[in-house]
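Peer 1: One line per chain: the protein sequences are C and L, in this order.
Quick note: the first sequence uses this note's numbering, first residue 740, plus one each step.
Quick note: the second sequence uses this note's numbering, first residue 31, plus one each step.
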Amino acid sequence: MFILKNAWISIKRNKGRNILIGIIILIIACACTITLAIKNTASYLIDSYKNAYDKEVTISFDRENMMKNFDPSQEDGRESAREKFDNIASFTVGDIQSFADSKYIESYYYTYSIGLNGNNIEKAEIESNNNMPNGFGHGKENNMSSTDFTLTGYSSLDAMSEFINGTYTMNEITDDAWDIAFDGNYIFINKELADYNDLNLNDKIKLESDDGNTYEFEIIGIFKENEEENGESMSMFSNSANTLVTNANAVTDITTKDEEIHSTINPTFIIDSYDNVEKLQDEFYEKGLDENFILQTNEEIALSGVSSIENINSFATTFLSLTLIIGGIVLFVINMINIRERKYEIGVLRTIGISKFKLTMQFVSELVIVSIVALILGAGIGAVSSKGVSNYLLESEINSSNERTEEIGKNFGGKTMNGGMLDRGKGAMRGKGMPVVEAYDSIDAVVDMKVLLELLGIGLSLVLVSSIASMVSIQRFSPLTILKERS
Amino acid sequence: MKNNKKNNYVSKDKLGNNFTHKQIVETDEEKIKNDKDIKEKNTSSKNIILSIKNASYRYSDAEDDDYALRDVSFDFESGKMYAIKGRSGTGKTTLLSLISGLERCTEGEIIFDKKSLNSMNLDKYRNSDIGIVFQSYNLLPFMTSAENIILSMDVSGLKIKNKKEKAIELMEKVGLKETYADRKVLRLSGGEQQRVAIARSLSYNPKMIIADEPTGNLDKQTETEILEIFKKLAHEENKCVIIVTHSQNVCDTVDVIYDLKKSK
């Protein structure tokens, strides 16, 4: 207890020096608080961006691996490569469900595409522009490219990436479209196809397979392709003019009846962590996935939006480090001067029997008391200043986020989404690169407990580092020598 | 009648010259006869509080045979006042630092109250068992007289309800009025500061007082007064008082003189 009492007496006695130390620590604390708050905001934004994207895994064909053994100089090289490619086992909805049954997978969705011909509608005439979707075929060869239409079934709203990324925009939609879209024979068609065949909402169209089976669908929405994003086309029709959008169940029903129909499946798995991708890939191989397929993640895309924020974050880190180094050196020097000036006091105290440990504690306590006061003041000033800085950083993100939300809403049908589907629509947007960013409305949010604990840690570390001078000196000083020098 | 004992300790100074510590014990029996109390104490069995046994000290950077103090053996009894005198370089300060626990013997040992200093916590020894008084007082100038004394009580871990009251009591004991208690020590004269230093050394009631030239900076009159305090502490409070000195006046006051001499 007398250590604290002595420390307090010394602080009062050395007002000038302690005020100087306090001001230095206050400046450091203020700078640290602002920097930590910026880092905190940046981390929040980075997390928002990371959370904005689901951790997605897709199955891709490993062309590199496939081409390894391909020798174009050999006569039969091309033929054998094609044969090999054709022999690669494709997968089915059942396979996807089997793959999805993994501890690493949180959810999954897929698009399921088949080729069908029109029965009571005509395909929009285009020049060899039938869009063959990427995916892994199953069934009769080249079936889809020779048919009039590509019928793409989405397993959920999440799977409708073309609408989310703005490739397709809903032009017209029935009021209950999103309530019935994923169960039953309902369809969205391209506006060009609708105009070409004079089709409207709630009209029914018939499609037929090569085997002659007929399937009837009701039109619940008409979409158009965003040509700006797809660039100029030489055709009078867009690529998706003959693409019909329905749900995956409807396509499954067709493939169940028409077993030989050619189909392609593009699954997307939402995983718990990017770290588990390799383990998941091994698991897929064990479950029968051909080794010419590999798993790919969207990690790069998820992180692409945060580079500028990461730059701010690393600048803040550098600034913080420099502040601490310079501040630490200044404090160390002041402490060394302090010790030299108080050598006599140390000698007397050691002579009357105060232990080195207690004496060190007294000197450290003095610095800790001054530091705590300065840290509190510095944190307060820093917190007030950092709120504005942090909110400025967040403002632009909020604006772009709002704009993007509106944009996606429009892609899914605009006004209609203000009804029952609005929440589902927003749900769909999450995981598709839509960060949920909010402005800080209180200082607590900017300078939270984490920042305060970091500040406390930094402050105490600084105090300890700058106290090394006193600790070492007290250990080395001989009281008798000090007192003899004084005499 | 004087009873002189002489012991020679061969050592080397830092330049490598051989020298001898000569220990002269002068017991002035006539003085004791004039003081009945002391006589009783000295005729009774010896009450040794501190015993130096073949103590040697060599600086860590000195050569093997280069001792600052070599093979010294003294005994100190409670209730007596001792003077250690000698010319410069004979090892007085070294001996003082050894018996005051500021250094440890490199060879031999010092026994305090039946315990070897080699195995004792010297901080505890300094803040509880002995009181040290220096020529230059070594008070903390930014504190008042009472605060200096209270600090010493705090360091020793003494649990006293009213420490200031105790400090004033000690100050009065060494001849300082209560009004001096709240005065910064720098505003006191040399003699007054030395009295505060003595009061501080008594704050935890040690068994032994070690003083290094305590009257070196004082005038004759004050020296006599200070010595009187030491004498009372030894003879009335049964403390062992050891004074390192050059002063003949001090030597005339003490009961026993140890004279350290170096001889080639």
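Idealized CB from N, CA, C, for every residue including glycine.
1) How would you list, in chain order, the residues of chain C whose beta-carbon sits under 7 Å from the beta-carbon of V127 (chain L)?
2) Taking just the CA atoms, how far does S841 (chain C) sit from L1019 (chain C)?
3) Quick check on this structure: which residue in L:S149, L:K189, L:Y210 has the alpha carbon closest to the alpha carbon of N178 (chain L)?
4) According to DSSP, which residues form a beta bridge with V163 (chain L)?
5) Skipping 5 residues on each side, what residues in its chain have a beta carbon closer than 6 Å to that of G1159 (chain C)?
6) Go to L1034 (chain C), then tell me how far its beta strand (DSSP E) extends in each direction, as first and last residue.
7) Find the nearest neighbour of S1053 (chain C) within the set C:I763, C:A746, C:S782, judged by alpha-carbon distance.
8) Would you grab the beta carbon distance between G138 (chain L) and A92 (chain L) for me? Rounded to a whole angstrom, and I think it's under 8 Å.
9) What's the gap between the Cα of T1056 (chain C) and the Cα of G1119 (chain C)?
10) Check N881 (chain C) in the structure and name its three-state DSSP category.
11) Verify the CB distance criterion: does V1072 (chain C) have a CB-CB separation below 8 Å to chain L?
12) Report yes if the CB atom of T891 (chain C) is closer than 8 Å to the CB atom of S852 (chain C), and no otherwise.
13) Helix or strand or just coil, what does DSSP make of S1002 (chain C)?
14) Based on the DSSP output, what are the partners of L188 (chain L) in its beta bridges?
15) Quick one: is E243 (chain L) buried, meaning 16 or more other Cβ sit within 10 Å of its Cβ, or exposed?
16) For a contact defined as C-beta to C-beta under 7 Å, what are the partners of E1084 (chain C) on chain L?
17) Where does S894 (chain C) land, buried or exposed, given buried means 16+ other C-beta within 10 angstroms?
18) Ignore the nearest five residues each way along the sequence and tell me which others in K83 (chain L)'s own chain have a CB closer than 8 Å to its CB.
19) Report, in whole angstroms, the separation of the C-beta atoms of I926 (chain C) and I903 (chain C), which I expect to be a contact under 8 Å.
20) Go ahead and pull the three-state DSSP assignment for S158 (chain L).
21) Would you kindly work out how many angstroms separate the C-alpha atoms of N168 (chain L) and I1085 (chain C), rounded to a whole number?
22) Quick one: what's T908 (chain C) bridged to in DSSP?
23) Residues in the segment 186 to 202 of chain L with C-beta within 8 Å of chain C's C-beta atoms, listed in sequence order?
24) Taking M111 (chain L) as part of the beta strand (DSSP E), name the residues at either end of that continuous run.
25) Measuring only the C-alpha atoms, how far is E253 (chain L) from I272 (chain L)?
26) Near E133 (chain L), what residues of its chain come up, given a Cβ to Cβ distance below 8 Å and the 5 sequence neighbours on each side ignored?
27) Roughly how many angstroms separate the alpha carbons of V1190 (chain C) and S1012 (chain C), rounded to a whole number?
28) Is there contact between the segment 150 to 166 of chain L and the segment 228 to 242 of chain L, where contact requires at least three CB pairs shorter than 8 Å?
29) Can you tell me whether T913 (chain C) is helix, strand or coil according to DSSP?
30) Quick one: what does DSSP say N870 (chain C) is sitting in, helix, strand or coil?
31) By the three-class DSSP mapping on this structure, what secondary structure does I798 (chain C) have?
32) Taking all protein chains shown into account, decide if N757 (chain C) is buried (16 or more other Cβ within 10 angstroms of its Cβ) or exposed.
33) For chain C, check one thing: does any of its Cβ atoms lie closer than 8 Å to the Cβ of K154 (chain L)?
34) Within its chain, find whatever has a CB closer than 6 Å to the CB of F956 (chain C); leave out the 5 residues flanking it on each side and keep chain order.
35) Grab me the residues of E901 (chain C)'s own chain with a C-beta within less than 7 Å of its C-beta, minus the 5 sequence neighbours each way, in chain order.
Peer 2: Reading off the structure:
1) For the record, residue 127 (chain L) in the displayed sequence is Ser; it is not Val. Result: L1219.
2) Spanning the two alpha carbons is a distance of roughly 8 Å.
3) The residue with the shortest Cα to Cα distance from N178 (chain L) is L:Y210.
4) In the DSSP output, where bridge partners are listed per residue, V163 (chain L) has L:A241.
5) With a pLDDT of 37 at G1159 (chain C), under the threshold of 50, the modelled position of this residue cannot be trusted; read the value that follows with caution. So no residue of the chain qualifies.
6) In the DSSP annotation of this structure, the continuous segment of the beta strand (DSSP E) that includes L1034 (chain C) starts and ends at 1032 to 1036.
7) Ranking C:I763, C:A746, C:S782 by Cα distance to S1053 (chain C) puts C:S782 first.
8) The C-beta distance from G138 (chain L) to A92 (chain L) rounds to 16 Å, too long to fall under 8 Å, and the pair is not in contact.
9) Taking C-alpha positions only, T1056 (chain C) is separated from G1119 (chain C) by approximately 20 Å.
10) A caution first: N881 (chain C) carries a pLDDT of 44, below 50, which makes its placement in the model too unreliable to give a value.
11) The C-beta of V1072 (chain C) comes no closer than 8 Å to any C-beta of chain L.
12) Using a Cβ distance threshold of 8 Å, T891 (chain C) and S852 (chain C) count as a contacting pair.
13) In the three-state reduction of the DSSP assignment, S1002 (chain C) falls in the strand class, which pools E and B.
14) In the DSSP assignment, no residue is bridged to L188 (chain L).
15) Around the C-beta of E243 (chain L), 16 or more other C-beta atoms lie within 10 Å, and the residue is accordingly described as buried.
16) Those are L170, listed as they occur along chain L.
17) It counts as buried.
18) The answer, listed in chain order, is S103, G138, E139, I140, I141.
19) Approximately 19 Å separates the beta-carbon atoms of I926 (chain C) and I903 (chain C); this is outside 8 Å, ruling out the contact.
20) Helix.
21) Using only the alpha carbons, I get a separation of about 11 Å.
22) Bridge partners of T908 (chain C): C:K963.
23) Taking 8 Å as the Cβ-Cβ cut-off against chain C, the residues of the segment 186 to 202 of chain L that qualify are S186.
24) DSSP places M111 (chain L) in the uninterrupted beta strand (DSSP E) bounded by 111 to 116.
25) The alpha-carbon atoms of E253 (chain L) and I272 (chain L) are separated by roughly 16 Å.
26) Setting aside the 5 residues that flank it on each side, E133 (chain L) is surrounded in the same chain by Y87, T124, S127, each with a C-beta closer than 8 Å to its C-beta; the list follows chain order.
27) Distance from the CA of V1190 (chain C) to the CA of S1012 (chain C), rounded to the nearest whole angstrom, comes to 27 Å.
28) Cβ pair count under 8 Å is three or more, so yes.
29) In the structure shown, T913 (chain C) sits in coil (DSSP, three-state: anything other than H, G, I, E or B).
30) Since pLDDT at N870 (chain C) reaches only 47, below the 50 mark, its modelled position is unreliable, and no value is offered.
31) If DSSP states are grouped into helix, strand and coil, I798 (chain C) belongs with the strands.
32) Here N757 (chain C) is buried: its Cβ has 16 or more other Cβ atoms, across all protein chains shown, within 10 Å.
33) Output row for K154 (chain L): interface = yes.
34) Here F956 (chain C) has N924, I926, I944 as same chain residues with Cβ atoms under 6 Å from its own Cβ, once five neighbours each way along the sequence are excluded.
35) Excluding sequence neighbours, E901 (chain C) sits near Y907.
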